[in-house]
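Novice:
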Amino acid sequence: MTAIQINVSRQMNGITYSLTPSIRSLIKKLFPRALPANTIFVAYDVKSNFEQQCGEVSEHIYPALFGVATEADLKKKIGEVEFVDTATGKVIRSVKP
């Protein structure tokens, strides 16, 4: 399976993570009980504090965006998640569930 892409948009006060409608549809097909979100916004100060305590925020963003409860479910059906900068189109980070 190809990588599932999450769009990453930087703003003055934080970062917005989002899914395209086609990716949301794919998630619903792979996980019929999932409730994928359109976007998640994380303020820079929250991100910084979170990462000091819990590690990389992106590890927690994709399960929340996908609306999938367990990581085991993600590992079964998703090979890779790519975080793509919407301004440049470049992959910022790649995660394997």
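Okay, so the sequence shown: first residue is 5 according to my numbering, each after it adds one. Every residue, glycine too, gets a C-beta built ideally from N, C-alpha and C.
1. Where do the ends of the beta strand (DSSP E) carrying Asn17 lie?
2. In terms of DSSP beta bridges, what is Glu86 paired with?
3. Ignore the nearest five residues each way along the sequence and tell me which others in Ile31's own chain have a CB closer than 6 angstroms to its CB.
4. What number of angstroms, rounded off, separates the C-alpha of Lys51 from the C-alpha of Gln15?
5. Hey, could you find the ends of the alpha helix (DSSP H) Ala76 is sitting in?
6. If I'm right that Ile96 touches Val88 with Cβ under 8 angstroms, what's the distance once you round it to whole angstroms?
7. Buried or exposed: where does Pro101 fall if 16 or more other Cβ atoms within 10 Å of its Cβ makes it buried?
8. DSSP on Val72, reduced to helix/strand/coil?
9. Can you tell me where the alpha helix (DSSP H) with Val46 in it begins and where it stops?
Specialist: Reading it off the structure:
1. No beta strand (DSSP E) contains Asn17, which DSSP labels as neither H nor E.
2. Gln9 and Ser98
3. Ala38, Pro40 and Phe70
4. 13 angstroms
5. Glu75 to Lys81
6. 7 angstroms
7. buried
8. coil
9. Element bounds for Val46: not the alpha helix (DSSP H) but the beta strand (DSSP E), Thr43 to Ala47.
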